[in-house]
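**Student:**
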């Protein structure tokens, strides 16, 4: 008789939440994501071409107008790693699946785990890269007037702060949101988590030069805006310590920073150099010839160069931008890390 | 409080076997696969580019030599259909997963079913296309001397006969297998299922001209041979009713028919014309210039042309070849049909 068939272990969103809510998970994830980007920049991540179902040249799904529902199938693995991971995410239909992940063993081929995370793991791996970038690039935040500027009040804005709490002691936040109602709710929720949050009148206020009252040496942008929310005021940015992490723009047409502001940076860092040409915050600046692709450093390359890019006061007065458009190595890392913890 | 998360229904191999063992499943599957090929030939099947993990230009999986383990991710859907289907199959490692299928709703995006069929559904959809081809192309098998010739004694050879039982009353089989042990076992097993099975001395014997004793108007080839097992004896095939369904060759380098025998056919039919250039039984004949791509008819086109290609005695004396290299529309059809039956 054949042995009983091995069934992959299924983790529901509730199961997954109970594992990832441990603060130690966040701490370890930040380190693991950093190492993942080193692997990526070294060419040690293998990404299959993305399958996009319900998109041209294929037919739209049944009962949807004009390709309004689509599904992406992303698969990849780290050379020499334990697993390969497939992520399937759909949107635009009545029952969106914001992402589920499947973990298979490279060694044995076994389908080990089905993670029904509904996009939670994608949110967290994105939050984690924000903390990697802040650890590498953010100026000193120990000044009492120093604040973390946040553009947007959605789910990712919250996770960014939750993860930043592991890499900085700063708890002052200035926030700008499109609607007052959501901004008020964001402030209430984040204050309950120990942050001191103050709204600003306009997104542009986050760029105000340092005063004794407040200034933002670190800004995180998390909106899905299609118009620039942060602009260069004048022909160049006045000298001040500033790092901006751009999370929101992840596809053509979305942007949060004016391309001229991008071009004014002393250092541009991206998760994936090749991807930055076609999506994300640097796309327009490149297309307008304000920035060359070669001038962009990958996060993994920066890690390999030195542990902290800001090493002295002079460097601290520089202006840096990190753009995350999301790469599959992050999915592979977080799924593998989850697997390790869940099977303990 | 959020409503409880919907979890896909999981079907184990045992669950699946209990559904597909119903003879009515085979009968309906043959019809459904035929309609699937019509959709395919009309351009109504949407196949995403196949992801092949563990294959160049990607790195080999950990702990395997020279790309010996790989995984294919195939996704697709019929325009206007209920579902989209992803099939993940791996091989070459200690825990091969010969195929699992995932069924998602096009309408809602919901992950409805995970079918842990371990390749069984792939075997059956392949068996079903053999029966579609036989129903369309096989000569009259009602003569007492008429036999079904079978090359190979493996799993697919058995399924081919099980499915052919639904489209022909002929129960006489001549079989050739590489090893005596497997051939003896095949005969024993198939006799128990009601077939009269006789071994032949060499594969070439299956092509012997009609005698009062026996002959094979229908031959099914199911081996993974890399050398031709059926050859042209002389410069052309002597006139006789003959159809060959080629199942075994599904990748470059595999072949069971001598390209000259392929070129001698009156009609060549393939599941996918475009695929026939790069894999399957016609590949070498095309590359050697013996057969033009344009001369090959797709199975779906043949269905659209007429219900039975052999309509009179004259047509019955023709020689036809059908080559199956496998297309994803078959996976989509069988998974959807399974879903319909399982949820009844």
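Residue numbers (the numbering used here), protein chains in the order written: chain A, 108 to 451; chain B, 108 to 451.
Ideal placement from N, C-alpha and C gives every residue a C-beta, glycine not left out.
(1) Answer with yes or no whether the minimum CB distance from residue 366/B to chain A is below 9 Å.
(2) For residue 112/A and residue 119/B, which I take to be in contact (beta-carbon distance under 8 Å), what is that distance rounded to the nearest angstrom?
(3) Check each candidate in 344/B, 390/B and 337/B and name the one with the smallest Cα separation from residue 360/B.
(4) Among residues of its own chain, excluding the 5 on either side of residue 273/A, which ones have a beta-carbon nearer than 8 Å to its beta-carbon?
(5) Compute the Euclidean distance between the alpha carbons of residue 300/A and residue 148/B, then round it to the nearest angstrom.
(6) Taking only beta-carbon positions, decide if residue 385/A is within less than 9 Å of chain E.
(7) How far does the beta strand (DSSP E) with residue 95/A in it reach, from first residue to last?
(8) For the region 292 to 337 of chain A, list the alpha helix (DSSP H) runs that are entirely contained and at least 4 residues long, ordered along the chain.
(9) So what's residue 439/B in DSSP terms, helix, strand or just coil?
(10) Which whole-angstrom value describes the C-beta separation of residue 404/A and residue 369/A, a residue pair presumed to lie in contact below a C-beta threshold of 8 Å?
(11) According to DSSP, is residue 269/A helix, strand or coil?
(12) Just verifying my parser: in three-state terms, what is the DSSP assignment at residue 383/A?
(13) Between residue 465/B and residue 357/B, what straight-line distance do the alpha-carbon atoms span, to the nearest angstrom?
(14) Classify residue 309/B as buried or exposed, calling it buried when 16 or more other Cβ atoms lie within 10 Å of its own Cβ.
(15) Could you tell me how far apart the beta carbons of residue 371/B and residue 426/B are, in whole angstroms, since I believe they sit closer than 8 Å?
(16) Going by C-alpha distance, which of 168/A, 195/A and 185/A is nearest residue 180/B?
(17) Could you check which residue in 198/A, 350/A and 152/A has the C-alpha nearest to that of residue 192/A?
(18) Whose Cβ in chain B lies nearer than 7 Å to the Cβ of residue 158/A?
(19) Does the beta carbon of residue 174/B sit closer than 9 Å to a beta carbon anywhere in chain A?
(20) Is DSSP giving residue 159/A helix, strand or coil here?
(21) For chain A, check one thing: does any of its Cβ atoms lie closer than 9 Å to the Cβ of residue 442/B?
(22) Note down, in chain order, all residues in the region 113 to 137 of chain A with a beta-carbon under 9 Å from any beta-carbon belonging to chain B.
(23) Assuming contact is defined by CB atoms lying nearer than 9 Å, are residue 434/A and residue 154/A in contact in what I supplied?
(24) Taking residue 436/A and residue 185/A to be in contact with their CB atoms under 8 Å, please state how far apart those CB atoms are, rounded to whole angstroms.
(25) Name the chain A residues whose beta carbon is nearer than 9 Å to that of residue 292/B?
(26) What does residue 218/B touch in chain A if you count any residue whose Cβ is under 7 Å from its own?
(27) Taking 6 Å as the limit between beta carbons, can you name the residues of its chain near residue 245/B, skipping five residues before and five after?
(28) Mapping DSSP to helix, strand and coil, what is residue 165/A?
(29) Got a sec? Which residues, its chain only, sit under 8 Å from residue 330/A by beta carbon, not counting five neighbours each side?
(30) Hey, is residue 213/A's beta-carbon within less than 9 Å of any beta-carbon in chain B?
(31) So is residue 265/B buried or exposed if we call it buried at 16+ other beta carbons inside 10 Å?
(32) At a cut-off of 8 Å, would you count residue 372/A as near the ligand FAD, judging by its Cβ distance to the nearest heavy atom?
(33) So residue 52/B contacts chain A; which residues on that side make the cut at Cβ distance below 8 Å?
(34) Should residue 314/A and residue 340/A be called a contact, given that it needs their Cβ atoms to be closer than 9 Å?
(35) Can you give the beta carbon distance from residue 290/A to residue 263/A, rounded, assuming they're within the 8 Å contact cut?
(36) Mind listing, in chain order, the continuous beta strand (DSSP E) runs of no fewer than 3 residues lying wholly within the region 118 to 161 of chain A?
**Tutor:** According to the structure shown:
(1) no
(2) 5 Å
(3) 390/B
(4) 130, 133, 134, 137 and 238
(5) 59 Å
(6) Among the protein chains of the structure shown, namely A and B, there is no chain E.
(7) Outside the shown range of chain A, which is 108 to 451, sits residue 95/A, and nothing can be said about it.
(8) none
(9) helix
(10) Incorrect: roughly 14 Å between the Cβ atoms, too far for contact.
(11) helix
(12) helix
(13) Because chain B in this structure spans residues 108 to 451, residue 465/B falls outside the shown range and cannot be described.
(14) exposed
(15) 7 Å
(16) 195/A
(17) 152/A
(18) 155, 156, 158 and 182
(19) no
(20) strand
(21) no
(22) 113, 114, 115, 117, 119, 120 and 121
(23) yes
(24) 7 Å
(25) Near residue 292/B there are no residues of chain A at all, since even the closest Cβ is about 18 Å away, more than 9 Å.
(26) 204 and 207
(27) 325 and 350
(28) coil
(29) 258, 259, 261, 285, 336, 355 and 363
(30) yes
(31) buried
(32) Looking at this structure, you won't find the ligand FAD or any other ligand, since it has none at all.
(33) Residue 52/B lies beyond the stretch modelled for chain B, which goes from 108 to 451, so this question has no answer here.
(34) yes
(35) Not confirmed; about 15 Å, so no contact.
(36) 152 to 154 and 158 to 160
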